[in-house]
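Residue numbers (my numbering): 98 to 470.
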């Protein structure tokens, strides 16, 4: 399968084309892509904007804070994600036990087995009595339970994250000042009957390839954090819905109905993707979406993955926004000269970011435009 078709199928599966980025509620968007990385809440909301039409940040926040139709907790790769509420328990069933065993990092932070057990039990008690609480409020109350953590280290967030992976807590409402809070998962999300773990593994593989295919088993492992042995088992359980294809010369898989898509886009699709977007995090290698010589423009150290402009699934620029009150200056840094047709798409996307956030956005594109369409 040629690279252009792989990119188009992936972008379409990710709701990043004109015919898929349609009006939808946050819950529907998240079900379609399994989830969005969400250590930065603002980035996660912008990821939903890029995959929809007409959605605004107030609707997304309401879905989290009030409707509880979407949930933010530790899932794929052991990192914070936002997912549909009906998906959180079975995803934790699959992934939680794997990442809860991060004993080496816990030991480095002074979190021995006794402290972790007492800490998780105390978190459960505290939130049952006084949640929702911010991280600092929770750490302060833990001291009264003789669970003393150095707030200047990562020990507190790793202990809270462990409680999340064990299905005890999740993130709750975001306060008006932007501060996240923590709540008991059982207080926030309805209980559900869990499938057999093998069934849940197969569902994870099927949902992954529906949202990221064409892809490889190695890609599934990189995106989810599953060991390769578990990733292979998961794919084995989902093979009935998958078809083998070649992806950059490697054996890959795609959902059968995706392979039946024969049309190709006539107009370009331009999207402004936020930091840590799952479109770039969903694969072991990003060579198709980002040319290797340009990858340093998006990966600038410290694990940071920069916001980018994608055109028909391929990154062509980095972007950033400096916001002051209800005004924002959105700056595009092209990797090469942008054709005028791409500039038109960038103009539209920048305006849509402003609409989504309900702010005025001033656009700056650094560098010259290319001649022609």
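The beta-carbon is built from N, C-alpha and C at its ideal position, and this holds for glycine as well.
Give the DSSP bridge partners of residue 349, in chain order.
-> 342
Leaving out five residues before and five after residue 294 in sequence, what residues of the same chain have Cβ atoms less than 8 Å from its Cβ?
-> Same-chain partners within the cutoff: 190 and 191.
Hey, how far is the Cα of residue 119 from the Cα of residue 149?
-> 5 Å
Just curious, the alpha helix (DSSP H) that residue 258 is in, first and last residue?
-> 252 to 262
Beta-carbon contacts of residue 468 that lie in its chain and below 6 Å, excluding the five residues immediately before and after = Caution applies to residue 468, whose pLDDT of 49 falls short of 50 and renders its modelled position unreliable; the value that the coordinates give is listed next. Same-chain partners within the cutoff: there are none.
Take residue 200 as the anchor and find which of 310, 283, 258 and 355 has the nearest alpha-carbon.
-> Ranked by Cα distance from residue 200, the first of 310, 283, 258 and 355 is 258.
Where do the N-terminal and C-terminal ends of the beta strand (DSSP E) with residue 387 fall, by residue?
-> Here residue 387 belongs to no beta strand (DSSP E), and DSSP marks it neither H nor E.
Stretch-stretch touch, CB-based, cutoff 8 Å, three pairs: the segment 325 to 332 with the segment 285 to 305 = yes
For residue 195, three-class secondary structure by DSSP = helix
By how many angstroms is the C-alpha of residue 227 removed from the C-alpha of residue 238?
-> 10 Å
Exposed or buried, what is residue 303 when buried is set at 16 or more other beta-carbons lying within 10 Å of its beta-carbon?
-> Classification of residue 303: buried, given that the 10 Å Cβ count is 16 or more.
Short Cβ contact (8 Å threshold) for residue 165 with residue 141 = No.
Tell me whether residue 403 sits in a helix, a strand or coil according to DSSP, three-state version.
-> coil
If you follow the alpha helix (DSSP H) that residue 435 is part of, which residue opens it and which one closes it?
-> Here residue 435 belongs to no alpha helix (DSSP H), and DSSP marks it neither H nor E.
Look up residue 105 in the DSSP assignment and say whether it is helix, strand or coil.
-> helix
Could you spell out where the beta strand (DSSP E) holding residue 277 opens and where it closes?
-> 277 to 281
Which residues mark the beginning and the end of the alpha helix (DSSP H) in which residue 157 is found?
-> Per DSSP, the unbroken alpha helix (DSSP H) holding residue 157 starts and ends at 154 to 159.
Where does residue 149 sit, in a helix, a strand or coil, going by DSSP?
-> coil
Compute the beta-carbon to beta-carbon distance between residue 261 and residue 267, rounded to the nearest angstrom, for a pair I have assumed lies under 8 Å.
-> 6 Å
Under three-state DSSP, which class holds residue 289?
-> coil
Could you tell me which residues DSSP puts in a beta bridge with residue 415?
-> 405 and 430
Sequence-distant residues of its chain with Cβ nearer than 8 Å to residue 335 (five each side left out) = The residues are 299, 300, 302, 303 and 306.
Go ahead and pull the three-state DSSP assignment for residue 458.
-> Secondary structure of residue 458 (DSSP, three-state): strand.
In chain order, what residues of the same chain lie with their CB nearer than 7 Å to the CB of residue 444, ignoring the 5 residues before and after it?
-> 460
Go to residue 179, then tell me how far its beta strand (DSSP E) extends in each direction, as first and last residue.
-> 177 to 181
To the nearest whole angstrom, what separates the beta carbons of residue 403 and residue 415, a pair I think is in contact under 8 Å?
-> 5 Å
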